[in-house]
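*Asks:*
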Amino acid sequence: MAIAKSKILDLPDADSAQRFLTSFAEKHHAKSERLLKNDALLSDVLALVSFSPLLATTLLQNPEYLWWLDRNRIGSGVRNKSELLESLARFSLTNSQIEPHILLARFRRRELLRIFLSDIRRLSTIAETTEEISNLADAILENALRLARQELDNRYGAPLEIDGKGREKPAEFCIVSLGKLGSRELNYSSDIDLLFIYSGDGSTSGSGSRGQITNREYFVKLSGSISQFVGRQSGEGAAYRVDMRLRPHGRVGSLALSAADTIRYYRAEAADWERQVLVRSRSSAGDSNVYKKFFAAVEDSVFSKGQTVEKALRGVRLSKEKIDLQNRAHRGYDVKLGKGGIREIEFIAQALQLAYGGGDKWLRVPHTLKSLARLADRKLLSESELTGLFDAYEFLRHLEHILQMENGLQTHTVPDETVKRSVVSKRMSFSRIGDFESSLAVHAATVNSVFVRVFGTADHEPLSPDPNMQIKMAGVSDSRPKKLPPQLLDSLQRSGADARSLPAIEKRLGKLTETSPRLVEMISANPGLIENIPGVSDTFDVKDYASILKVAVASKKDFRSRIGVLRREWTQFLLNIIAFDVYGKLSLQEVKGYQTALAEASVETAFLIARSELEKHYSVEIGDLELAVMGLGKLGGAGLDYDSDLDLVFVYDETKPLPVSDITHAQFYGRAVEIIITALSSVTRDGSLYRVDLRLRPHGKNGETTISKTAFRQYMRNDAAVWELLAYVKIRGVGSDPAKAVEREIKDAIHKRAAKIDIAELADESRRVRSQLEKERSASRRGKEIDIKFGSGGMLDIYFAIRFLQLRYNVPDDDESRSTGETLAKLLANNSLSSADHENLYAGYQFLSALDHNIRLTAGRSTRVPLANQNALRIIAKRMDIRSGEKLIEDLTLHRLNIRASYENILNDDPSH
Numbered sequence: 001m002a003i004a005k006s007k008i009l010d011l012p013d014a015d016s017a018q019r020f021l022t023s024f025a026e027k028h029h030a031k032s033e034r035l036l037k038n039d040a041l042l043s044d045v046l047a048l049v050s051f052s053p054l055l056a057t058t059l060l061q062n063p064e065y066l067w068w069l070d071r072n073r074i075g076s077g078v079r080n081k082s083e084l085l086e087s088l089a090r091f092s093l094t095n096s097q098i099e100p101h102i103l104l105a106r107f108r109r110r111e112l113l114r115i116f117l118s119d120i121r122r123l124s125t126i127a128e129t130t131e132e133i134s135n136l137a138d139a140i141l142e143n144a145l146r147l148a149r150q151e152l153d154n155r156y157g158a159p160l161e162i163d164g165k166g167r168e169k170p171a172e173f174c175i176v177s178l179g180k181l182g183s184r185e186l187n188y189s190s191d192i193d194l195l196f197i198y199s200g201d202g203s204t205s206g207s208g209s210r211g212q213i214t215n216r217e218y219f220v221k222l223s224g225s226i227s228q229f230v231g232r233q234s235g236e237g238a239a240y241r242v243d244m245r246l247r248p249h250g251r252v253g254s255l256a257l258s259a260a261d262t263i264r265y266y267r268a269e270a271a272d273w274e275r276q277v278l279v280r281s282r283s284s285a286g287d288s289n290v291y292k293k294f295f296a297a298v299e300d301s302v303f304s305k306g307q308t309v310e311k312a313l314r315g316v317r318l319s320k321e322k323i324d325l326q327n328r329a330h331r332g333y334d335v336k337l338g339k340g341g342i343r344e345i346e347f348i349a350q351a352l353q354l355a356y357g358g359g360d361k362w363l364r365v366p367h368t369l370k371s372l373a374r375l376a377d378r379k380l381l382s383e384s385e386l387t388g389l390f391d392a393y394e395f396l397r398h399l400e401h402i403l404q405m406e407n408g409l410q411t412h413t414v415p416d417e418t419v420k421r422s423v424v425s426k427r428m429s430f431s432r433i434g435d436f437e438s439s440l441a442v443h444a445a446t447v448n449s450v451f452v453r454v455f456g457t458a459d460h461e462p463l464s465p466d467p468n469m470q471i472k473m474a475g476v477s478d479s480r481p482k483k484l485p486p487q488l489l490d491s492l493q494r495s496g497a498d499a500r501s502l503p504a505i506e507k508r509l510g511k512l513t514e515t516s517p518r519l520v521e522m523i524s525a526n527p528g529l530i531e532n533i534p535g536v537s538d539t540f541d542v543k544d545y546a547s548i549l550k551v552a553v554a555s556k557k558d559f560r561s562r563i564g565v566l567r568r569e570w571t572q573f574l575l576n577i578i579a580f581d582v583y584g585k586l587s588l589q590e591v592k593g594y595q596t597a598l599a600e601a602s603v604e605t606a607f608l609i610a611r612s613e614l615e616k617h618y619s620v621e622i623g624d625l626e627l628a629v630m631g632l633g634k635l636g637g638a639g640l641d642y643d644s645d646l647d648l649v650f651v652y653d654e655t656k657p658l659p660v661s662d663i664t665h666a667q668f669y670g671r672a673v674e675i676i677i678t679a680l681s682s683v684t685r686d687g688s689l690y691r692v693d694l695r696l697r698p699h700g701k702n703g704e705t706t707i708s709k710t711a712f713r714q715y716m717r718n719d720a721a722v723w724e725l726l727a728y729v730k731i732r733g734v735g736s737d738p739a740k741a742v743e744r745e746i747k748d749a750i751h752k753r754a755a756k757i758d759i760a761e762l763a764d765e766s767r768r769v770r771s772q773l774e775k776e777r778s779a780s781r782r783g784k785e786i787d788i789k790f791g792s793g794g795m796l797d798i799y800f801a802i803r804f805l806q807l808r809y810n811v812p813d814d815d816e817s818r819s820t821g822e823t824l825a826k827l828l829a830n831n832s833l834s835s836a837d838h839e840n841l842y843a844g845y846q847f848l849s850a851l852d853h854n855i856r857l858t859a860g861r862s863t864r865v866p867l868a869n870q871n872a873l874r875i876i877a878k879r880m881d882i883r884s885g886e887k888l889i890e891d892l893t894l895h896r897l898n899i900r901a902s903y904e905n906i907l908n909d910d911p912s913h
């Protein structure tokens, strides 16, 4: 308990932490003893309860959450909707006797433990925190929809509608989110504003226990059930407060409307403010195509080309004045509605979007920070204003989170009482109230000054409309280049590019922008990059990525500046690779090689940033971190491509002394890994680098983010499942000599372990895992899509066949033969692979690899062939020297058949041969 007391002294609310420890020991003595022995978990739990009495109560009522939190508190990153749905499915299995509305409320509260811990530890940005809170709401809504639909289908049968050819088809349904959930900026205690839309009228099949009803009746019942599952109050509260007042016709309107009726309403009947609400809308659950069709039909009504700047500003300004009148009687500063508060930032973004979004589609993004950044790119906000608004938004939203998570209430008011304000100040990392109040005042003043400039007062005129934008909104023709994509052209004009320079830019970028929409996005976000884009006659200059990135980072003094400059330099390097790729001056192998080198340099630089942060945190000088980075997947095979994840495992050497005392190796290197992941994957105004995936680490999501060398070796020798052996065949030490040494040890352990496994068992497990991935990841309701990774005859057939053979015949990778093509050649030379199967797999891999690469380049990250995008398909075929998109699909079909045949030959081969 003495250790616990020493940890309590520096907490913002030491009394609350002490009360929790005392109560926990009284109610759960054995679990309390276990907690006190887990130093890292104890520190995090004490921090949580010091910030949030609400979460203290949650842990007292559910002590088993502690061990779940211990497994999930570090390195999980921002979990997406799919990952949270998986977690909810597991939670449901162990809580199957609980009523659905209580189960969903409990699940949400448990997940908030993890999210809020990352928030107060500043391991995630505000944008990442609010995104994950929004993903959590999406997952809960999706689950509620599934439960409700299952119940109603059992009663009435599935809803059906008639398509354009007179045939029955399933009617689809979508939950549309508005407001903060719509822009993925939900806070801890937000209401969720929803619309329920179904695809079309008709009737149910009538196959259920209660016969047939109309689709309208069905979907109104469905909407009511979802609202009950999610919003019904119990002794433990509700998952969310559901607000349906923004639906067509408000409180008197139907809970659910057909897409046609909803479109008709927003086009002809909705007030201006109702259309403005749709600026921040998206599909949260159900069939997203229903939302896409709806929004495509009403988008021009939301962002009207006839909208004047004055009218847009006036409408939003009137809303703000109403808020000011309502807010005058409130005590304490309201961080949301007060002068210089969050709402003013949101109004700045929304008003300028409405004013200029009619003629500039690139401005039509729902997220506040993304919107502000694009407005600054268009010179509608200055760089200093953008920086001030970003900093203020982060400060105010973090303060809002601190206030709300104290007791789980929807509050935005900073308390007047000195004692309470002192606690808030400490939770905001200020030692004195005065410093906190000064910082709050500065941020509020910054926001209000921009608000006044944009909207105007008696002393200020509102923002003047841009002449180019006026031309576009008026529909007047101009002489601007026509071949450049509109969003890039608008971005160039907003950046102040001389109109006379546009034809030259068009000539220079023509082929690049035609081939790579990804490049268009990058340049549109930062037109300054154009200056350094190489021309088609230039020669690719091989650079020492690591040295350049490290020098750039070393020139900056703080964490934010360092990860910012890292992103800017990285973007320039990637742009260079894309350009020479499009020009055809780099082979596919070279493109992947340079991208792999850039990723390794980025990891090295992230190590440098982590070391600097640790030195600052512990006030000691730290030499090289005794931490090895092991790459798996594409990084392991040294074949990274556009938008590839980094599959990593971090291994520390427990035999080497630490530069600090009173801390374990696991704690020290766990903290280092947190910083490294943040440096590589966090989303900032300068973008992000990679998605870091740690799920392949020993024990998966239940494992620590780092593992000792000894424990890693023992795990692979004794505990790893067969599927893990298959995954780790491609392990590669990244960069350092210690990493290479770990690679050799683990490969040795893998192949020795595989030699002891019965060949039939190895084949059965390989087939089982491959089949499971195919069913889970490539299933399509209509079977019209071609998945070149997970589908039959896809990349995974090749990977599983090769790795099975490598384990069966003890053919490990080495530095000289690591690529798929080289490994196939090695297996052939070793008589582990027939010449016919080698030919099928090699030719198939070359084709699929080129196709995958060109899909990433032209259409973005996807494992599916863009059959609906004929232009992309044409470009891909041309880049692969195939005469047409149709011929490409023919060739693909043949390769897939050959690959699947060889996969089955290899995995079904008689073990006695």
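Each residue of the sequence shown is one higher than the one before, counting from 1 in our numbering.
Every residue gets a Cβ at the ideal spot worked out from N, C-alpha and C, and that includes glycine.
Buried or exposed: which applies to residue 361, given that a residue is buried once 16 or more other Cβ atoms fall within 10 Å of its Cβ?
*Replies:* For the purposes of this step, residue 361 is identified with residue 361 of the sequence shown, where counting begins at 1. The residue in question, residue 361, is exposed, as its Cβ has fewer than 16 Cβ neighbours within 10 Å.
*Asks:* Report the option in 176, 162, 228 and 178 whose CA atom is closest to the CA atom of residue 204.
*Replies:* Position 204 of the sequence shown, counted from the start, is the residue given in the question as residue 204. For residue 204, the nearest C-alpha among the options comes from 162.
*Asks:* Can you list, in chain order, the residues of its chain whose CB lies under 8 Å from that of residue 48, leaving out five sequence neighbours each side?
*Replies:* Working through the sequence shown from its first residue, we reach residue 48 at position 48. Correct list, in chain order: 55, 56, 59, 113, 116, 117 and 120.
*Asks:* Here's a check: name, in chain order, each residue in its chain whose Cβ is nearer than 6 Å to the Cβ of residue 782, leaving out the five neighbours to either side.
*Replies:* Walking along the sequence shown from the start, residue 782 turns up at place 782. Per-residue confidence for residue 782 stands at a pLDDT of 40, beneath the threshold of 50, marking its modelled position as unreliable; no derived number is given.
*Asks:* Identify, in the order they occur along the chain, each residue of the same chain with its Cβ nearer than 6 Å to the Cβ of residue 134, setting aside the five sequence neighbours on each side.
*Replies:* As a first step, residue 134 is located in the sequence shown; it is residue number 134 there, counting from the start. For residue 134, where only same-chain residues beyond five positions count, the Cβ hits under 6 Å are 181, 184 and 186.
*Asks:* Is residue 657 helix, strand or coil by DSSP?
*Replies:* Counting from 1 along the sequence shown, the entry for residue 657 is found at position 657. DSSP places residue 657 in coil when its eight states are reduced to three.
*Asks:* Where does residue 382 sit, in a helix, a strand or coil, going by DSSP?
*Replies:* Position 382 of the sequence shown, counting from 1, holds the residue named residue 382. Residue 382: coil per DSSP, three-state reduction.
*Asks:* When DSSP builds the beta bridges, which residues end up paired with residue 630?
*Replies:* Counting from one through the sequence shown, the residue named residue 630 turns up at place 630. Residue 630 pairs with 649 and 733.
*Asks:* Please determine, among 144, 439 and 338, the residue with the shortest C-alpha to C-alpha distance to residue 105.
*Replies:* For the purposes of this step, residue 105 is identified with residue 105 of the sequence shown, where counting begins at 1. The residue with the shortest Cα to Cα distance from residue 105 is 144.
*Asks:* Under the rule that 16 or more other beta-carbon atoms within 10 Å means buried, what is residue 747, buried or exposed?
*Replies:* On the sequence shown, position 747 is the one that residue 747 refers to. It counts as buried.
*Asks:* Taking C-alpha atoms, which residue in 31, 137, 602 and 787 lies nearest to residue 679?
*Replies:* The sequence position of residue 679 within the sequence shown is 679, counting from 1. Checked all of 31, 137, 602 and 787; the closest Cα to residue 679 is 602.
*Asks:* So, for residue 755: in the same chain, excluding its five sequence neighbours on each side, which residues have a beta-carbon less than 8 Å away from its beta-carbon?
*Replies:* Counted from its first residue, the sequence shown places residue 755 at position 755. Taken in chain order, the residues that qualify are 810.
*Asks:* Below 8 Å, how does it come out for the segment 829–848 and the segment 621–640: are there three or more Cβ pairs, yes or no?
*Replies:* The segment 829–848 is not in contact with the segment 621–640.
*Asks:* What are the boundary residues of the alpha helix (DSSP H) that includes residue 712?
*Replies:* As a working note, residue 712 is residue 712 in the sequence shown. Its alpha helix (DSSP H) spans residues 709–714.
*Asks:* Give me the Cα-Cα distance between residue 641 and residue 229, rounded to the nearest whole angstrom.
*Replies:* On the sequence shown, residue 641 is found 641 positions in, with the first residue counted as 1. On the sequence shown, residue 229 is found 229 positions in, with the first residue counted as 1. Distance between the alpha carbons of residue 641 and residue 229: 43 Å.
*Asks:* Would you kindly check if the distance between the Cβ of residue 400 and the Cβ of residue 342 is under 9 Å?
*Replies:* Counting from one through the sequence shown, the residue named residue 342 turns up at place 342. Counting from one through the sequence shown, the residue named residue 400 turns up at place 400. Closer than 9 Å, so yes.
*Asks:* Quick one: Cα of residue 824 to Cα of residue 798, how far?
*Replies:* Looking up residue 824 in the sequence shown gives position 824. Looking up residue 798 in the sequence shown gives position 798. Roughly 10 Å separates the two Cα atoms.
*Asks:* Are three or more beta carbon pairs between the segment 529–548 and the segment 571–589 nearer than 8 Å?
*Replies:* Touching, per the Cβ criterion.
*Asks:* Suppose the cutoff is 6 Å on Cβ atoms and the five residues either side in sequence are ignored; what does the same chain contact list for residue 477 look like?
*Replies:* Start at 1 with the first residue of the sequence shown, and residue 477 comes out as number 477. Note that residue 477 scores 38 on pLDDT, short of 50, meaning its location in the model is unreliable and no value can be drawn from it.
*Asks:* How many angstroms separate the CA atom of residue 108 from the CA atom of residue 244?
*Replies:* Against the sequence shown, residue 108 aligns to sequence position 108. Against the sequence shown, residue 244 aligns to sequence position 244. The straight-line gap from Cα to Cα measures roughly 21 Å.
*Asks:* Secondary structure at residue 413, three-state DSSP: helix, strand or coil?
*Replies:* Position 413 of the sequence shown, counted from the first residue, corresponds to residue 413. Three-state DSSP puts residue 413 in a strand.
*Asks:* Is residue 437 closer than 9 Å to residue 425 when the C-beta atoms are compared?
*Replies:* Residue mapping note: residue 425 aligns to position 425 of the sequence shown, counting from 1. Residue mapping note: residue 437 aligns to position 437 of the sequence shown, counting from 1. Yes.
*Asks:* Please check the pair residue 284 and residue 138, which I expect to be a contact at CB under 8 Å, by giving their CB distance rounded to whole angstroms.
*Replies:* Translated into positions along the sequence shown, residue 284 becomes position 284. Translated into positions along the sequence shown, residue 138 becomes position 138. Residue 284 to residue 138, Cβ: 5 Å. Contact.
*Asks:* For the alpha helix (DSSP H) that residue 180 lies in, which residues bound it at each end?
*Replies:* For the purposes of this step, residue 180 is taken as the residue at position 180 of the sequence shown. Its alpha helix (DSSP H) spans residues 179–182.
*Asks:* Reducing DSSP to helix, strand and coil, say where residue 568 ends up.
*Replies:* As a working mapping, residue 568 is identified with position 568 in the sequence shown. In this structure, residue 568 counts as helix in the three-state DSSP scheme.
*Asks:* With a threshold of 8 Å, are at least 3 pairs of Cβ atoms found where one atom belongs to the segment 239–254 and the other to the segment 145–156?
*Replies:* Not touching, per the Cβ criterion.
*Asks:* DSSP state of residue 99, grouped into three classes?
*Replies:* Taking the first residue of the sequence shown as 1, we reach residue 99 at position 99. Three-state DSSP puts residue 99 in coil, outside helix and strand.
*Asks:* Could you tell me whether the Cβ of residue 255 comes closer than 9 Å to any Cβ of chain C?
*Replies:* Structure shown: chain C not included; a single protein chain is present.
*Asks:* Identify whether residue 170 lies in helix, strand or coil by the three-state DSSP scheme.
*Replies:* Counted from its first residue, the sequence shown places residue 170 at position 170. Correct three-state label for residue 170: strand.
*Asks:* For residue 902, which residues from the same chain have a beta carbon less than 6 Å from its beta carbon, with the 5 sequence-adjacent residues on both sides left out?
*Replies:* Reading the sequence shown from its first residue, position 902 is the one you call residue 902. Around residue 902: 837, 840 and 841.
*Asks:* Enumerated in chain order, which unbroken segments of the alpha helix (DSSP H) with a length of 4 residues or greater are wholly contained in the segment 190–255?
*Replies:* For the segment 190–255, whole alpha helix (DSSP H) runs of length 4 or above, ordered along the chain, are 215–231.
*Asks:* In whole angstroms, what is the alpha-carbon distance linking residue 433 and residue 722?
*Replies:* As a working mapping, residue 433 is identified with position 433 in the sequence shown. As a working mapping, residue 722 is identified with position 722 in the sequence shown. The alpha-carbon atoms of residue 433 and residue 722 are separated by roughly 57 Å.
*Asks:* Determine, using beta carbons only, whether residue 378 and residue 279 come nearer to each other than 9 Å.
*Replies:* In the sequence shown, counting from the first residue as 1, residue 378 sits at position 378. In the sequence shown, counting from the first residue as 1, residue 279 sits at position 279. Contact: no.
*Asks:* Would DSSP call residue 852 helix, strand or coil?
*Replies:* Along the sequence shown, one-based indexing puts residue 852 at 852. DSSP places residue 852 in helix when its eight states are reduced to three.
*Asks:* Using alpha carbons as the reference points, say which of 759, 663 and 223 lies closest to residue 39.
*Replies:* In the sequence shown, residue 39 corresponds to position 39, counting from 1. It is 663.
*Asks:* Buried or exposed: residue 17, going by 16 or more other Cβ atoms within 10 Å of its Cβ?
*Replies:* The residue you call residue 17 lines up with position 17 of the sequence shown. The residue is buried, with at least 16 neighbouring Cβ atoms inside 10 Å.
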